[in-house]
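Colleague: After the structure tokens below, expect a handful of questions from me.
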């Protein structure tokens, strides 16, 4: 079975969001998920450095029909930021 988010798509994400940090599924496994392990169920995480990066990520995902989940501090107790394979996380932690 082919992954929901391919290596090519990760490379395209990195090109579309050059000022952002981008993690693939393997890199996500090394991060602290916060309160809930499901916070990192997604296939990719993008951490834009500015609002232009957020806009570029939204356009990228919309053009490809990818689900985008915004996350802040991952401290919510309700699981509202939990993700599943094939989704892309927009980590807003670098924004002020």
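Numbering (the numbering used here), first residue to last: 21 to 116.
A virtual CB, placed ideally from N, CA and C, is assigned to each residue, including glycine.
#1: With the cut-off set at 9 Å, would you say residue 108 and residue 65 are in Cβ contact?
#2: Any idea if residue 70 is buried or exposed, counting beta-carbon neighbours within 10 angstroms, 16 or more meaning buried?
#3: My guess is that residue 42 and residue 48 are in contact by the Cβ rule of under 8 Å, so how many angstroms apart are they, rounded?
#4: Residue 65 lies in the beta strand (DSSP E); which residues open and close that run?
#5: How is residue 37 classed by DSSP in three states: helix, strand or coil?
Modeller: Let's see:
#1: Working through the chain shown from its first residue, we reach residue 108 at position 88. Working through the chain shown from its first residue, we reach residue 65 at position 45. Yes, they are a contact pair.
#2: By one-based count along the chain shown, residue 70 stands at place 50. Label assigned to residue 70: exposed.
#3: As a position in the chain shown, residue 42 is number 22, starting the count at 1. As a position in the chain shown, residue 48 is number 28, starting the count at 1. Actually they are not in contact, since the Cβ atoms of residue 42 and residue 48 sit about 11 Å apart, beyond 8 Å.
#4: Here residue 65 corresponds to residue number 45 of the chain shown, with the count starting at 1. Element bounds for residue 65: 64-67.
#5: Numbered from its first residue, the chain shown carries residue 37 at position 17. Coil.
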